[in-house]
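Chemist: Can you read through this structure? Questions will come right after.
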Amino acid sequence: MTNIPTYHNVHHRFKLNGFPLDRDDLCRIAYSFIKEGDDYEKHCGLFLLDWFDDKTDIEINTSGTTGTPKTIRVSKQAMVNSALATGDFFDLQPGDKALHCLPTKYIAGKMMFVRGFILGLDMEFAAPSANPLKYDDQRYDFAALVPLQAENSLKRLGNIRKIIIGGAKINPMLEKKLEKVNSKIYETYGMTETITHIAAKQVGDSAFTVLPNVTISYDDNNCLVIHAPRISDDVIVTNDLVELVNENQFVFLGRRDNVVNSGGIKLIPEQIEAKLAGKINARFFVAGIPDETLGEKLVLFVEGKEQPMAEDVFAGLGKYEKPKEVRFVPHFTETGSGKIKRKEMQKQ
Numbered sequence: 067m068t069n070i071p072t073y074h075n076v077h078h079r080f081k082l083n084g085f086p087l088d089r090d091d092l093c094r095i096a097y098s099f100i101k102e103g104d105d106y107e108k109h110c111g112l113f114l115l116d117w118f119d120d121k122t123d124i125e126i127n128t129s130g131t132t133g134t135p136k137t138i139r140v141s142k143q144a145m146v147n148s149a150l151a152t153g154d155f156f157d158l159q160p161g162d163k164a165l166h167c168l169p170t171k172y173i174a175g176k177m178m179f180v181r182g183f184i185l186g187l188d189m190e191f192a193a194p195s196a197n198p199l200k201y202d203d204q205r206y207d208f209a210a211l212v213p214l215q216a217e218n219s220l221k222r223l224g225n226i227r228k229i230i231i232g233g234a235k236i237n238p239m240l241e242k243k244l245e246k247v248n249s250k251i252y253e254t255y256g257m258t259e260t261i262t263h264i265a266a267k268q269v270g271d272s273a274f275t276v277l278p279n280v281t282i283s284y285d286d287n288n289c290l291v292i293h294a295p296r297i298s299d300d301v302i303v304t305n306d307l308v309e310l311v312n313e314n315q316f317v318f319l320g321r322r323d324n325v326v327n328s329g330g331i332k333l334i335p336e337q338i339e340a341k342l343a344g345k346i347n348a349r350f351f352v353a354g355i356p357d358e359t360l361g362e363k364l365v366l367f368v369e370g371k372e373q374p375m376a377e378d379v380f381a382g383l384g385k386y387e388k389p390k391e392v393r394f395v396p397h398f399t400e401t402g403s404g405k406i407k408r409k410e411m412q413k414q
């Protein structure tokens, strides 16, 4: 039986910005980053020292998408197991060249480093930015991006053989653009509690496929239940409405806490937004706000200055899916990973 790497290991093929580094080298670099580095390097340095200390777990900050950001403790070995599952699922090999351009403050950025240590990747560590490939013509085997980075890097995404996109859902307009890129591009599904992704789907596909050693079911509310014993001791019950295709695949429908009950009709905003994709020249979302007659009424929130809506915008929506009102908001508030804070926008 092959020995499973532990969090003490640094793969002998691991490189950072072209230099082969071991555990001692990384600790020295960590001190240098903390003392002299930019903000993104300081977060990296702090993570490296935490990773190589004597503790078996590490503190992780959640993004605060659906509530107040919080700090949780995660097992380092569970993070290693997650990295191994990613390596198996995407067929990553020692020596593959990877781009790291995510903030190490959050779990996604931390996990890119763990994949590097454990899988032996040749990693280029770049400052997180909205357009990480703007001045980068290098070719890569693997990279992880958030949707905004992918949107801004469309012309150069073909330089990356395999790309995973997470942190926020890929909107249908962006998905159509990504389908034209000559790379294997995947949308991932996961959360901080699952140590980033536990499932992925290639852009253009409808169903997510779970990673190795993950099984799924759903509860009485049709919400996804995740069984991932190598990542979490607890069964993880999500708030995500899904349709199970089989024991390894599911279709994401929307978040249960986003569902709008308008006059007794339950509406899933994410499905309505998919129908509106490409018809509104700005970011938008639909949500329910209190209404004396209906209980909740469906409202379309659009980012930017007020603009006239074309007559055919709502064509294709069902009778109850048409928003009762359109509201324009100068700027949407976001989490660090680029997700719109819907609840906060509704309150405002």
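Each number in the numbering used here comes from the position in the sequence shown (counting from 1) with 66 added on. C-beta atoms are modelled at their ideal positions from N, C-alpha and C, and glycine is treated no differently.
Using the C-alpha atoms, what's the distance from I173 back to T258?
Modeler: 6 Å
Chemist: Identify every run of the beta strand (DSSP E) within the region 293-336, keeping only runs that are complete inside it and at least 3 residues long; order them along the chain.
Modeler: Counting whole runs of 3 or more residues, the region 293-336 contains the beta strand (DSSP E) stretches 302-312, 315-321, 326-328, 331-333.
Chemist: Let's test the definition: count the other Cβ atoms within 10 Å of the Cβ of I70 and tell me whether it reaches 16, buried, or not, exposed.
Modeler: exposed
Chemist: Report buried or exposed for F85, applying the criterion of at least 16 other Cβ atoms within 10 angstroms of its Cβ.
Modeler: exposed
Chemist: Taking Cβ to Cβ, would you say E387 is nearer than 8 Å to L333?
Modeler: yes
Chemist: Considering Cα atoms alone, identify which of P389, G370, K371 is closest to V379.
Modeler: P389
Chemist: Quick check: what's the CA-CA separation for M239 versus G270?
Modeler: Straight-line measurement puts the Cα of G270 at about 11 Å from the Cα of M239.
Chemist: Per DSSP, T254 forms a beta bridge with which residues?
Modeler: A266
Chemist: Under the rule that 16 or more other beta-carbon atoms within 10 Å means buried, what is Q159, buried or exposed?
Modeler: So Q159 ends up on the exposed side.
Chemist: Going by DSSP, what residue range makes up the beta strand (DSSP E) through F183?
Modeler: DSSP places F183 outside any beta strand (DSSP E); the residue lies instead in the alpha helix (DSSP H), whose first and last residues are 173-185.
Chemist: Hey, F183 and V276: beta-carbon distance below 8 Å or not?
Modeler: Taking 8 Å as the Cβ cut-off, F183 and V276 do not qualify as a contacting pair.
Chemist: Alpha carbon to alpha carbon, how far is L82 from N248?
Modeler: 27 Å
Chemist: Distance check for G320 and T262, CA to CA, integer angstroms please.
Modeler: So the two alpha carbons sit approximately 18 Å from each other.
Chemist: Using beta-carbon positions only, say whether T170 and H74 come within less than 8 Å of one another.
Modeler: no
Chemist: By a C-beta neighbour count over all protein chains shown, 10 Å radius and 16 as the cutoff for buried, is K221 buried or exposed?
Modeler: By the 10 Å Cβ count, K221 comes out exposed.
Chemist: With respect to the alpha helix (DSSP H) encompassing N127, which residues constitute its N-terminal and C-terminal limits?
Modeler: Taken as a continuous stretch (DSSP letters only), N127 belongs to no alpha helix (DSSP H), being part of the beta strand (DSSP E) at 123-127.
Chemist: Tell me, which residues are paired with H166 by DSSP?
Modeler: F191
Chemist: From L150 to I297, what does the alpha carbon distance come to, in whole angstroms?
Modeler: Each residue's Cα considered, the two are about 11 Å apart.
Chemist: According to DSSP, is Y206 part of a helix, a strand, or is it coil?
Modeler: strand
Chemist: How many Å lie between L211 and A340 at the Cα?
Modeler: L211 and A340 have their C-alpha atoms spaced approximately 22 Å apart.
Chemist: What number of angstroms, rounded off, separates the C-alpha of A193 from the C-alpha of R139?
Modeler: 26 Å
Chemist: Check each candidate in M411, R393, I126, K405 and name the one with the smallest Cα separation from Q215.
Modeler: Closest option to Q215, judged by alpha-carbon separation, among M411, R393, I126, K405: K405.
Chemist: Let me confirm a value: A209 is counted as buried when at least 16 other C-beta atoms fall within 10 Å, else exposed. Which label applies?
Modeler: buried
Chemist: Measuring alpha carbon to alpha carbon, tell me which residue in N347, N314, D157, G354 is nearest Y284.
Modeler: Ranking N347, N314, D157, G354 by CA distance to the CA of Y284 puts N314 first.
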